[in-house]
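Visitor: If you're matching positions, the sequence shown starts at 267 in our numbering and goes up one per residue.
Ideal Cβ placement from N, Cα and C applies to all residues, glycine included.
Please read through the structure below; I'll follow up with questions.
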Amino acid sequence: MSLDPLFSPLQMGSLILPNRLVMPPMTTNLAGPDGSVTDRLVDFCATRARGGVGTIIVELSIVSVEGKRLPNNVGIWDDGQMEGLVRLAGAIREAGAVAVIQIGHGGRDSNSLYSGQRPVAPSDLQSLFRGTTLEIERPAQLDRDGISRLGIPRQDRY
Numbered sequence: 267m268s269l270d271p272l273f274s275p276l277q278m279g280s281l282i283l284p285n286r287l288v289m290p291p292m293t294t295n296l297a298g299p300d301g302s303v304t305d306r307l308v309d310f311c312a313t314r315a316r317g318g319v320g321t322i323i324v325e326l327s328i329v330s331v332e333g334k335r336l337p338n339n340v341g342i343w344d345d346g347q348m349e350g351l352v353r354l355a356g357a358i359r360e361a362g363a364v365a366v367i368q369i370g371h372g373g374r375d376s377n378s379l380y381s382g383q384r385p386v387a388p389s390d391l392q393s394l395f396r397g398t399t400l401e402i403e404r405p406a407q408l409d410r411d412g413i414s415r416l417g418i419p420r421q422d423r424y
């Protein structure tokens, strides 16, 4: 079985991937406590791109501050974070890879210790996640308007 296709470009619509090697999103805790992109995060992703990975999926990037799951989640909730995200995407592209970002919200797994705000989620059920010593908080239940207020990042801003 030949591995040639693995290292061949792949066209998806108008997007051309340099190869089929993909770095999946994984938590690095390399962002700043305010969700900002750090030099270490840029270097982490660009190094993998220079090493031959064709697509880099940047780790979970939180769309709303109360959705922080960890102290150093990448943030995409504030215009002040955009400069770093643009710099990160540029470094990945400059190293020869396609940059993709995973967006999300921690929901009931969020913690006010990291955000300073009570977690919010589609229901008020407490998290089942017991991987830390943090107190498990009961989130506030969101209605449709609350979900809309969380915001979805616009593609044209990046």
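When the Cα atoms are used, what is the spatial distance from residue 340 to residue 282?
Guide: Counting from 1 along the sequence shown, the entry for residue 340 is found at position 74. Counting from 1 along the sequence shown, the entry for residue 282 is found at position 16. Between residue 340 and residue 282, the C-alpha separation is close to 26 Å.
Visitor: Please name the residue, chosen from 356, 335 and 337, that lies closest to residue 316 on a Cα-to-Cα basis.
Guide: If you number the sequence shown from 1, residue 316 lands on position 50. If we check each option's Cα against that of residue 316, 356 comes out closest.
Visitor: For residue 336, I'd like the list of residues in its chain whose CB is within less than 7 Å of its CB, leaving aside the five on either flank, ordered along the chain.
Guide: In the sequence shown, residue 336 corresponds to position 70, counting from 1. Here the set comprises 293, 295 and 380.
Visitor: Should residue 359 and residue 308 be called a contact, given that it needs their Cβ atoms to be closer than 9 Å?
Guide: As a position in the sequence shown, residue 359 is number 93, starting the count at 1. As a position in the sequence shown, residue 308 is number 42, starting the count at 1. No, they are not a contact pair.
Visitor: According to DSSP, residue 277 sits in a beta bridge with which residue or residues?
Guide: Working through the sequence shown from its first residue, we reach residue 277 at position 11. Partner(s): 282.
Visitor: Check the DSSP bridge columns for residue 376 and list the partner residues they point to.
Guide: Along the sequence shown, one-based indexing puts residue 376 at 110. None; residue 376 has no bridge partner.
Visitor: Give me, in chain order, the residues of the same chain whose beta-carbon lies closer than 8 Å to that of residue 424; leave out the 5 immediate sequence neighbours on both sides.
Guide: Locating residue 424 in the sequence shown gives position 158, where the first residue counts as 1. Interpretation of residue 424 is limited by its pLDDT of 48, a score under 50 that renders its predicted location unreliable; no figure is taken from the coordinates.
Visitor: Could you spell out where the beta strand (DSSP E) holding residue 326 opens and where it closes?
Guide: For the purposes of this step, residue 326 is taken as the residue at position 60 of the sequence shown. 321 to 328 is the extent of the beta strand (DSSP E) around residue 326.
Visitor: Between residue 332 and residue 383, is the Cβ-Cβ spacing less than 9 Å?
Guide: Stepping through the sequence shown from its first residue, residue 332 is reached at position 66. Stepping through the sequence shown from its first residue, residue 383 is reached at position 117. Closer than 9 Å, so yes.
Visitor: Please name the residue or residues paired with residue 369 in a DSSP beta bridge.
Guide: Here residue 369 is taken as the residue at index 103 of the sequence shown, counted from 1. The partner list for residue 369 (beta bridge, DSSP) reads 327.
Visitor: Where do the N-terminal and C-terminal ends of the alpha helix (DSSP H) with residue 313 fall, by residue?
Guide: By 1-based counting over the sequence shown, the position of residue 313 is 47. Start and end: 305 to 316.
Visitor: Put residue 289 into one of helix, strand or coil per three-state DSSP.
Guide: Your numbering for residue 289 matches position 23 in the sequence shown. Strand, per DSSP.
Visitor: Please determine whether the Cβ atom of residue 298 lies at a distance below 8 Å from any heavy atom of the ligand MG.
Guide: Looking for the ligand MG in the displayed structure turns up nothing, as the structure carries no ligands at all.
Visitor: Flag this pair as yes or no: are the beta carbons of residue 385 and residue 377 separated by less than 9 Å?
Guide: One-based indexing of the sequence shown puts residue 385 at position 119. One-based indexing of the sequence shown puts residue 377 at position 111. In contact: residue 385 and residue 377 (Cβ atoms closer than 9 Å).
Visitor: Give me, in chain order, the residues of the same chain whose beta-carbon lies closer than 7 Å to that of residue 395; leave out the 5 immediate sequence neighbours on both sides.
Guide: As a working note, residue 395 is residue 129 in the sequence shown. These residues qualify, in order along the chain: 375.
Visitor: Can you list, in chain order, the residues of its chain with a C-beta nearer than 6 Å to that of residue 311? Leave out the 5 residues immediately preceding and following it.
Guide: Translated into positions along the sequence shown, residue 311 becomes position 45. If we look at residue 311 and ignore the five residues flanking it on each side, its Cβ neighbours are 322 and 358.
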